[in-house]
Amino acid sequence: MKFAKLREMEKLSKGNPEKMARYASAKSDYDDTITAMFTEGALFEFVGCPNEGYVKDAEAHAATTGDADDLSRAAILRDRYEAYEDDKTTFKDLRTTATSLRAKLQNGDELTPKDVRDAWRLAKLNASIDNVALYSRIKREQENPSERPPAPAEVKVTAEDVEAAKTAAQRNPSPAIIARYASTKRDYEAQTEGTGE
Numbered sequence: 001m002k003f004a005k006l007r008e009m010e011k012l013s014k015g016n017p018e019k020m021a022r023y024a025s026a027k028s029d030y031d032d033t034i035t036a037m038f039t040e041g042a043l044f045e046f047v048g049c050p051n052e053g054y055v056k057d058a059e060a061h062a063a064t065t066g067d068a069d070d071l072s073r074a075a076i077l078r079d080r081y082e083a084y085e086d087d088k089t090t091f092k093d094l095r096t097t098a099t100s101l102r103a104k105l106q107n108g109d110e111l112t113p114k115d116v117r118d119a120w121r122l123a124k125l126n127a128s129i130d131n132v133a134l135y136s137r138i139k140r141e142q143e144n145p146s147e148r149p150p151a152p153a154e155v156k157v158t159a160e161d162v163e164a165a166k167t168a169a170q171r172n173p174s175p176a177i178i179a180r181y182a183s184t185k186r187d188y189e190a191q192t193e194g195t196g197e
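Residue numbers for the sequence shown follow full-length UniProt numbering, so the first one is 1 and each next one is one higher.
Structural data, given as C-alpha cells:
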C-alpha cells in the first residue's frame, strides 16, 4: 500500500470504527513490511522522510544489484519521498475545492452528491470549523433543495448612487472615499453599457 493512501485512510477513518479497524490493519501490514525489508544487514536504512538524493542512491544501488529486496527498499523510499512532496500541493488542492464549493453555494448552483463527497473529504482532511460548517451546509442543501435560500440578486447601481458617492468624495477627499466613488461610477457605466441606456 502506498504511504500517501495510508495517511489518507487514517484521516478519513476518524469517527468510523469499521474504517478505523481497516486502517489499523493496513498500518500494521505496512509497518511489518518496513521491519522485514529494512533489516540490520541492508545497505540502506529506513528513513521516514528521505531526501531525493538518498532515494536516487537507493535506486541506483537496486538497479546495479537487481536484487528484489533492494528494488523493494528503493520503491518504499521513493514512495515516502513522493508522499511528502505531494503534501506540498495537497493544501492548494483542498483550498481550490473549498473555494469552488463556496462559489457554488453563493451563486445558487445545483449541488450534486459529488459536491457532498468533496465537502466531506475536505472536512476530514482539513477539519477546520469553516470546512466542517461548509460540509454541513452543502449536505443539508443538497438533501433539501427547497430550503436553499435564493441566489443573491444583482445589485443595480443608480445615477443617484453615483451622485451620492461624488458628493461624499468632494466633502471628504480621502483616498478610500475617492476610490469608492470611482468604483461606483465604473460599475454604473458598465451597467449602462450592458443595457444600452
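Just so you know, even glycine gets a beta-carbon here, dropped at the ideal spot from N, CA and C.
Bear in mind the structure is a predicted one, so any value in this text is a computation, not a measurement.
Scanning its chain for C-beta atoms nearer than 7 Å, with the 5 sequence neighbours on each side dropped, one finds around residue 157 the residues 184, 187, 188 and 191, in chain order.
Taking residue 116 as the centre and dropping the five residues before and after it, the same chain places the C-beta of 138, 139 and 142 closer than 7 Å to its C-beta, in chain order. The continuous alpha helix (DSSP H) containing residue 91 extends over residues 68-107.
In this structure, residue 83 lies near residue 3, with their beta-carbon atoms less than 9 Å apart. Residue 175 carries a helical assignment under DSSP once its states are collapsed to helix, strand and coil.
The DSSP-derived three-state label of residue 3 is helix. Classified as buried, residue 76 has 16 or more neighbouring CB atoms from the shown chains inside 10 Å of its CB. Within the same chain, Cβ atoms closer than 7 Å to the Cβ of residue 126 are found at 94, the five residues on either side in sequence being excluded.
The closest CA to that of residue 55, considering only 165, 98 and 85, is found on 85. Excluding the 5 residues flanking it on each side, residue 78 has same chain C-beta neighbours closer than 6 Å at 55, in chain order. With a threshold of 16 other beta carbon atoms within 10 Å, residue 112 falls short and is exposed.
Boundaries of the alpha helix (DSSP H) harbouring residue 132: 129-143, taken from the DSSP string. Residue environment: residue 70 is assigned as buried (16 or more neighbouring CB atoms within 10 Å of its CB, all protein chains considered). Within the region 16-76, the complete alpha helix (DSSP H) runs of at least 4 residues fall at 17-37 and 52-65. In the structure shown, residue 110 adopts coil according to DSSP, grouped into three states. The closest CA to that of residue 6, considering only 29, 18 and 107, is found on 29. Taking 8 Å as the upper bound for CB-CB distance, residue 12 and residue 124 are in contact here, some 5 Å apart. Residue 185 carries a helical assignment under DSSP once its states are collapsed to helix, strand and coil.
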